[in-house]
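**Q** My questions all concern the structure below.
Listed below in structure tokens is the structure:
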């Protein structure tokens with residue numbers, strides 16, 4: 121501890137005072153420059169009523185990211201899903217089946233000749249060589265007898281008729297819209313548009329079911345053979361219309377990138393909207409631009425400017441305390457009195473910041489007037505705290521100056537600065553001069569009641585001054601908060 125206290129002990133009383141003066145100004149400025157207030161107090165939704173006028177603080181030119189994103193999303197949605205189409209899928213399926221069938225028949229012929237020479241039963245020596253679906257079990261059924269050319273032609277015809285046309289995978293149904301884009305796989309440069317694809321195309325499951333139904337119509341087939349052919353033909357029926365996710369996403373992103381960014385341009389001092397106006401999408405985007413500018417641009421300038429103003433106000437107060445003369449009731453030195461003044465002001469600044477933040481948050485949670493008006497909720501702020509405290513601990517003149525000082529700070533933080541400076545000044549004056557000397561606990565209670573009554577009257581006067589209607593809810597809210 122001596123490492124920290126020793127340099128302080130070497131300082132003179134004047135040096136300690138001015139260091140404390142600088143720290144007091146800095147702390148008050150930090151409490152006033154609250155970064156969390158702006159994000160709450162300026163939060164509006166479309167259709168709400170503006171609680172204060174919105175004025176552009178400077179020349180602002182920004183990109184309206186929300187509107188730009190909305191236009192880009194609309195451009196993406198305007199692009200139809202892209203599907204690839206393979207028109208020759210039916211012939212390919214028939215050719216593959218013929219090839220596999222001929223391979224099966226060739227090996228079965230060889231197996232039968234070997235069986236005759238070795239006098240062994242067919243069921244024991246047959247080798248199906250079936251490479252399709254169902255494996256050896258299906259192949260054994262297909263190899264039990266020689267099917268006539270008419271039967272095989274009927275199977276080929278059923279396969280061709282079931283595999284032709286536009287067949288889509290059942291899992292691609294989710295990508296259908298009223299219209300889709302078809303790209304010929306053999307001729308990628310050719311595109312066509314298909315309307316109502318779900319009603320004009322066939323799902324894969326329906327096409328495969330159709331094969332089994334058609335096979336059962338062949339009278340010479342046993343149920344076991346129908347089941348075997350149905351299992352064997354199922355893999356040959358493939359979708360001819362397939363969703364191309366890569367091409368669709370690429371086309372949609374290209375359409376989104378073609379949208380030019382929407383910019384918002386505001387001039388310094390331009391009135392974006394007045395208090396009481398209805399929030400429209402345009403006003404909402406302009407408020408967002410101002411909020412973004414205020415929270416990111418020239419924050420250091422604002423902080424330094426506020427620091428200079430607060431320092432000047434503290435200097436005026438110090439000169440007043442230093443030059444005020446002798447106070448019969450007060451035995452404190454000017455330096456000690458100023459330290460007490462600064463301590464109370466710091467607490468008052470913290471209370472102001474916290475209560476205004478709470479008022480903004482409470483108003484933002486409501487949807488109906490007058491509960492959406494943060495200025496009404498802000499009437500609950502203890503503006504007379506500084507004056508009451510210093511009247512008890514110091515003297516009335518110092519307490520009144522402190523009340524005026526706190527009122528100026530309230531005007532910096534309040535949603536309606538001038539109105540709350542008046543409200544806070546009257547509240548502080550009532551606390552200082554409204555009653556006699558504070559000598560008992562009962563006098564403090566009396567002071568609080570008197571301040572509350574005059575706060576209600578002042579709140580009603582401000583409501584009348586701002587030309588707001590005297591509605592029961594507004595009056596009750598003002599009375600409750602005052």
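In my numbering, the protein residues as written are 121 to 602. Heads up, the beta-carbon is just placed ideally off N, CA and C, and yes, glycines get one too.
Scan the segment 128-214 and note each continuous beta strand (DSSP E) run of 3 residues or more that stays entirely inside, going in chain order.
**A** Within the segment 128-214, the complete beta strand (DSSP E) runs of at least 3 residues are 180-183, 202-205.
**Q** Identify whether residue 297 lies in helix, strand or coil by the three-state DSSP scheme.
**A** One-based indexing of the chain shown puts residue 297 at position 177. Three-state result, residue 297: coil.
**Q** For residue 500, which of helix, strand or coil comes out of DSSP?
**A** If you number the chain shown from 1, residue 500 lands on position 380. Correct three-state label for residue 500: helix.
**Q** What are the uninterrupted segments assigned as alpha helix (DSSP H) that are 4 or more residues long and contained completely in the segment 389-449, given in chain order?
**A** Qualifying alpha helix (DSSP H) stretches, in chain order: 401-416, 419-443.
**Q** Please name the residue, chosen from 274, 381, 354, that lies closest to residue 189 on a Cα-to-Cα basis.
**A** Taking the first residue of the chain shown as position 1, residue 189 is located at position 69. Residue 381 is the option with its Cα nearest to residue 189.
**Q** By DSSP, does residue 373 sit in helix, in strand, or in coil?
**A** Position 253 of the chain shown, counted from the start, is the residue given in the question as residue 373. In this structure, residue 373 counts as helix in the three-state DSSP scheme.
**Q** If you run the structure through DSSP and keep just helix, strand and coil, what is residue 583?
**A** Locating residue 583 in the chain shown gives position 463, counting from the first residue. Helix, per DSSP.
**Q** Could you give the distance in angstroms between the alpha-carbon of residue 292 and the alpha-carbon of residue 328?
**A** Translated into positions along the chain shown, residue 292 becomes position 172. Translated into positions along the chain shown, residue 328 becomes position 208. Rounded to whole angstroms, residue 292 to residue 328 spans 16 Å at the Cα level.
**Q** Tell me whether residue 287 sits in a helix, a strand or coil according to DSSP, three-state version.
**A** On the chain shown, position 167 is the one that residue 287 refers to. Strand, per DSSP.
**Q** Can you find the residues in the same chain that come closer than 7 Å, C-beta to C-beta, to residue 206, ignoring five residues on each side of it along the sequence?
**A** Here the question's residue 206 lines up with position 86 in the chain shown. Closer than 7 Å at the Cβ level, and outside the excluded window around residue 206, lie 305, 360.
**Q** When you compare the segment 484-496 with the segment 516-523, are there three or more beta-carbon pairs, one atom per stretch, that lie closer than 8 Å?
**A** No, the segment 484-496 is not in contact with the segment 516-523.
**Q** Would you report the Cα separation of residue 537 and residue 183, rounded to the nearest angstrom?
**A** The count along the chain shown starts at 1 and reaches residue 537 at position 417. The count along the chain shown starts at 1 and reaches residue 183 at position 63. Each residue's alpha carbon lies about 31 Å from the other.
**Q** Quick one: residues in its chain with C-beta nearer than 6 Å to the C-beta of residue 140, no 5 flanking neighbours on either side, listed in chain order?
**A** In the chain shown, the residue the question calls residue 140 occupies position 20. None.
**Q** In or out: residue 316 buried (at least 16 other Cβ within 10 Å) or exposed?
**A** Residue mapping note: residue 316 aligns to position 196 of the chain shown, counting from 1. It is exposed - the Cβ of residue 316 has fewer than 16 other Cβ atoms within 10 Å.
**Q** Got a sec, what are the start and stop residues for the beta strand (DSSP E) residue 311 sits in?
**A** For the purposes of this step, residue 311 is taken as the residue at position 191 of the chain shown. Note, residue 311: beta strand (DSSP E), 311-315.
**Q** Taking the CB atoms as reference points, tell me whether residue 324 and residue 356 lie closer together than 8 Å.
**A** In the chain shown, residue 324 corresponds to position 204, counting from 1. In the chain shown, residue 356 corresponds to position 236, counting from 1. Their beta carbons are not under 8 Å apart, which means residue 324 does not touch residue 356 by this criterion.
**Q** One question on the structure: do residue 351 and residue 258 come within less than 8 Å of each other, judged by their Cβ atoms?
**A** For the purposes of this step, residue 351 is identified with residue 231 of the chain shown, where counting begins at 1. For the purposes of this step, residue 258 is identified with residue 138 of the chain shown, where counting begins at 1. For residue 351 and residue 258, yes; Cβs fall inside 8 Å.
**Q** What is the residue span of the beta strand (DSSP E) that residue 361 lies within?
**A** The residue labelled residue 361 in the question sits at position 241 within the chain shown. Per DSSP, residue 361 belongs to the beta strand (DSSP E) from 361-363.
**Q** In whole angstroms, give me the CA-to-CA distance for residue 412 and residue 418.
**A** For the purposes of this step, residue 412 is identified with residue 292 of the chain shown, where counting begins at 1. For the purposes of this step, residue 418 is identified with residue 298 of the chain shown, where counting begins at 1. Their backbone Cα atoms lie some 11 Å apart in a straight line.
**Q** Please state whether DSSP places residue 383 in a helix, a strand or coil.
**A** By 1-based counting over the chain shown, the position of residue 383 is 263. Strand.
**Q** What number of angstroms, rounded off, separates the C-alpha of residue 283 from the C-alpha of residue 405?
**A** Taking the first residue of the chain shown as position 1, residue 283 is located at position 163. Taking the first residue of the chain shown as position 1, residue 405 is located at position 285. The alpha-carbon atoms of residue 283 and residue 405 are separated by roughly 55 Å.
**Q** Using only the alpha-carbon positions, how far apart do residue 157 and residue 540 sit?
**A** To locate residue 157, count along the chain shown from 1; it is residue 37. To locate residue 540, count along the chain shown from 1; it is residue 420. In this prediction, residue 157 has a pLDDT of 49, which is less than 50 and means its spatial position is unreliable; what the coordinates show is noted afterwards. Residue 157 and residue 540: Cα-Cα distance of roughly 17 Å.
**Q** Since residue 92 contacts residue 475 with CB under 8 Å, what's their CB separation in whole angstroms?
**A** Residue coverage of the chain in this structure runs from 121 to 602, which leaves residue 92 outside it and unanswerable.
**Q** Could you name the residues of the same chain whose beta carbon sits closer than 6 Å to that of residue 68, not counting the 5 residues immediately before and after it, in chain order?
**A** With the chain running from 121 to 602 in the structure shown, residue 68 is simply not present.
**Q** Would you list the one or two residues that DSSP bridges to residue 322?
**A** Taking the chain shown and counting its residues from 1, one reaches residue 322 at position 202. 287, per the DSSP bridge assignment.
**Q** Counting along the chain, where does the alpha helix (DSSP H) carrying residue 452 start and finish?
**A** Within the chain shown, numbered from 1, the residue matching residue 452 stands at position 332. Residue 452 -> no alpha helix (DSSP H), and no H or E assigned at all.
**Q** Below 8 Å between beta carbons: does that hold for residue 176 and residue 388?
**A** Position 56 of the chain shown holds residue 176. Position 268 of the chain shown holds residue 388. Their beta carbons are under 8 Å apart, which means residue 176 touches residue 388 by this criterion.
**Q** Out of 348, 402, 208, which has the shortest C-alpha to C-alpha gap to residue 186?
**A** Translated into the one-based positions of the chain shown, residue 186 becomes position 66. The shortest Cα separation from residue 186 among 348, 402, 208 belongs to 402.
**Q** Excluding the five sequence neighbours on either side, which residues of its own chain have a C-beta within less than 7 Å of the C-beta of residue 497, listed in chain order?
**A** Counted from its first residue, the chain shown places residue 497 at position 377. Closer than 7 Å at the Cβ level, and outside the excluded window around residue 497, lie 479, 482, 483, 601.
**Q** Please tell me whether residue 148 and residue 469 are closer than 8 Å, where the distance is taken between their beta carbons.
**A** For the purposes of this step, residue 148 is taken as residue 28 along the chain shown, with counting starting at 1. For the purposes of this step, residue 469 is taken as residue 349 along the chain shown, with counting starting at 1. Yes, they are a contact pair.
**Q** Which two residues bound the contiguous alpha helix (DSSP H) that contains residue 343?
**A** For the purposes of this step, residue 343 is taken as the residue at position 223 of the chain shown. 343-353 is the span of the alpha helix (DSSP H), which, as asked, contains residue 343.
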